[in-house]
Amino acid sequence: MKYMIKKITTLIITLLLVSVVTFVAFSVIPGDPALAKLGTYATPERVEALREEMGLNKSLPERYIDWLQGALRGDFGESYQYAGNAVSDLINQRLQVTALLAVMAFIIILVISIPLGIISARKEGTWIDVFINLFTQITMAIPAFFLGMILTYFFGLTLKFFQPGKFVMPQEDFGACIRYLFFPAIAIAIPKIAMVVKFLRNSVLSEVKKDYVRTAYSKGNRTKKVLYTHVFQNALIPVITFIAMVAAEILAGSIVVEQVFSVTGMGRLLVTAISNRDYPIVQAVVLYITLIVIVINFIVDILYQFVDPRVRTE
Numbered sequence: 001m002k003y004m005i006k007k008i009t010t011l012i013i014t015l016l017l018v019s020v021v022t023f024v025a026f027s028v029i030p031g032d033p034a035l036a037k038l039g040t041y042a043t044p045e046r047v048e049a050l051r052e053e054m055g056l057n058k059s060l061p062e063r064y065i066d067w068l069q070g071a072l073r074g075d076f077g078e079s080y081q082y083a084g085n086a087v088s089d090l091i092n093q094r095l096q097v098t099a100l101l102a103v104m105a106f107i108i109i110l111v112i113s114i115p116l117g118i119i120s121a122r123k124e125g126t127w128i129d130v131f132i133n134l135f136t137q138i139t140m141a142i143p144a145f146f147l148g149m150i151l152t153y154f155f156g157l158t159l160k161f162f163q164p165g166k167f168v169m170p171q172e173d174f175g176a177c178i179r180y181l182f183f184p185a186i187a188i189a190i191p192k193i194a195m196v197v198k199f200l201r202n203s204v205l206s207e208v209k210k211d212y213v214r215t216a217y218s219k220g221n222r223t224k225k226v227l228y229t230h231v232f233q234n235a236l237i238p239v240i241t242f243i244a245m246v247a248a249e250i251l252a253g254s255i256v257v258e259q260v261f262s263v264t265g266m267g268r269l270l271v272t273a274i275s276n277r278d279y280p281i282v283q284a285v286v287l288y289i290t291l292i293v294i295v296i297n298f299i300v301d302i303l304y305q306f307v308d309p310r311v312r313t314e
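Those letters in the sequence shown? Residues 1 to 314, per the numbering used here, in order.
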């Protein structure tokens, strides 16, 4: 119970610190959101009136407290760019797309990387292991956005498997949305697959050399039983942390990939908001991403208790 309280307290403090840093950072950088909204030809009186309307004339602490109180209620204010639209509504519309893309990429990573990592460890030194290592070295070096460009050209423009730039929201046609998101999910997943394969392979090989494995073999156990009953469970412990980091990186990687594939998700919303100085959206998106990353790490800490009985917390 103390462990849970400690973790939840850490989560709250982290979110609070991130909210302060984000709010202050986007409040002190050069540029006037009111002027950006009205244009350079706006009169000083009109700019001043809009600043008053947007609450920009208040002191920084006052603006932060007002924003924080609203954020705790799920109200991040109104967008500067999309007049009359609540920030929370804009985020919710795009969050489902980014979440769907992230889940698809994560499933692809797990389905491919775990079997490849185990096979590579079992076939250490063989041509299969060499081929898998070569594959991981090459794909790990390819940025997700560049891979996205290649997939767009080959599968979109050449083979016509999808029409670049014609993304369909899931509420309009869920099947078409899934088919379109499959390719950006592949672009995000492939470099991460290489990372997980190498990490899992090294972890398995490290466990194989330990005394308990030799003891298991001395008792007459077969290789598969030793591998899957003993080695894999212990090798998976450090891999879980790494996979959690990968899951968090998927969110960051999807921002660029969404731009490449013209996917209407959180990434495009964030990039557009930054270019238009739409700070309420930027602050809310950063806070959402932070929350997701922290929750993922929190879940991993809980999973440790089930995967490794030796792990004990006070």
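Every residue, glycine too, gets a C-beta built ideally from N, C-alpha and C.
Model, not experiment: these values are computed from the prediction.
{"Item": "Alpha helix (DSSP H) segments (min. 4 residues) lying fully within the region 30-73", "Value": "33-38, 44-54, 60-72"}
{"Item": "Spatial distance of threonine 98 from leucine 251 (CA atoms)", "Value": "8 Å"}
{"Item": "Three-state secondary structure assigned by DSSP to glycine 83", "Value": "In the sequence under discussion, the amino acid at residue 83 is alanine, which differs from the glycine named in the question. In the structure shown, alanine 83 sits in coil (DSSP, three-state: anything other than H, G, I, E or B)."}
{"Item": "Where arginine 73 falls, given that 16 or more other Cβ within 10 Å makes a residue buried", "Value": "exposed"}
{"Item": "DSSP bridge partner residues for glutamate 78 (one or two, in chain order)", "Value": "Ala86"}
{"Item": "Own chain partners of isoleucine 114 with C-beta closer than 8 Å, once the 5 adjacent residues on each side are dropped", "Value": "Val196, Leu200"}
{"Item": "Test: lysine 123 CB closer than 9 Å to a CB of chain D", "Value": "As a matter of chain content, chain D is missing from the structure shown, which is built from one protein chain."}
{"Item": "Run of the alpha helix (DSSP H) containing glutamate 207, from where it starts to where it stops", "Value": "174-208"}
{"Item": "Threonine 152 - containing alpha helix (DSSP H), residue span", "Value": "Note, threonine 152: premise wrong, no alpha helix (DSSP H); not H, not E."}
{"Item": "Supposed close pair tyrosine 80, proline 33 - CB separation, criterion 8 Å", "Value": "5 Å"}
{"Item": "Alpha-carbon spacing of glutamine 259 relative to isoleucine 296, whole angstroms", "Value": "25 Å"}
{"Item": "The region 130-143 contacting the region 211-220, beta-carbon criterion three pairs below 8 Å", "Value": "no"}
{"Item": "Distance between beta carbons of valine 103 and leucine 315, contact taken as under 8 Å", "Value": "Lying outside 1 to 314, the shown extent of the chain, residue 315 is not represented and no answer is given."}
{"Item": "Other residues of its chain near phenylalanine 155: CB distance less than 7 Å, five sequence neighbours each side excluded", "Value": "Phe161, Phe162, Phe183"}
{"Item": "Beta-carbon gap between alanine 189 and phenylalanine 106 smaller than 9 Å", "Value": "yes"}
{"Item": "DSSP three-state assignment for isoleucine 142, whether helix, strand or coil", "Value": "coil"}
{"Item": "Arginine 51 versus glutamine 96 - alpha carbon distance", "Value": "33 Å"}
{"Item": "Nonlocal neighbours in the same chain, by C-beta distance under 8 Å from glutamate 78, ignoring five residues either side", "Value": "Gly84, Asn85, Ala86, Val87, Pro280"}
{"Item": "Contact check, leucine 90 vs leucine 269, beta carbons under 9 Å", "Value": "yes"}
{"Item": "Three-state secondary structure (DSSP) of proline 166", "Value": "Here residue 166 is lysine; the residue named in the question, proline, does not match the sequence. In the structure shown, lysine 166 sits in coil (DSSP, three-state: anything other than H, G, I, E or B)."}
{"Item": "Extent of the continuous alpha helix (DSSP H) run through tyrosine 212", "Value": "211-218"}
{"Item": "Distance, valine 271 Cα to glycine 46 Cα", "Value": "Here the sequence assigns arginine to residue 46, which means glycine is not the residue at that position. Approximately 27 Å, taken between the alpha carbons."}
{"Item": "Whether isoleucine 118 touches valine 257 by CB criterion (9 Å)", "Value": "no"}
{"Item": "Glutamate 207, buried or exposed, once every other Cβ within 10 Å from all chains shown has been counted against 16", "Value": "buried"}
{"Item": "Rounded C-alpha distance that separates alanine 216 from isoleucine 13", "Value": "46 Å"}
{"Item": "Coarse secondary structure for serine 316, derived from DSSP in three states", "Value": "The question about residue 316 has no answer, for the chain in this structure spans 1 to 314."}
{"Item": "Separation of lysine 225 from alanine 121, as counted between CA atoms", "Value": "15 Å"}
{"Item": "Neighbourhood of alanine 42 by C-beta, 7 Å cutoff - its chain only, sequence neighbours within 5 removed", "Value": "Leu35"}
{"Item": "Helix, strand or coil at aspartate 129 according to DSSP, with G and I counted as helix", "Value": "helix"}
{"Item": "Helix, strand or coil at aspartate 278 [DSSP, three-state]", "Value": "coil"}
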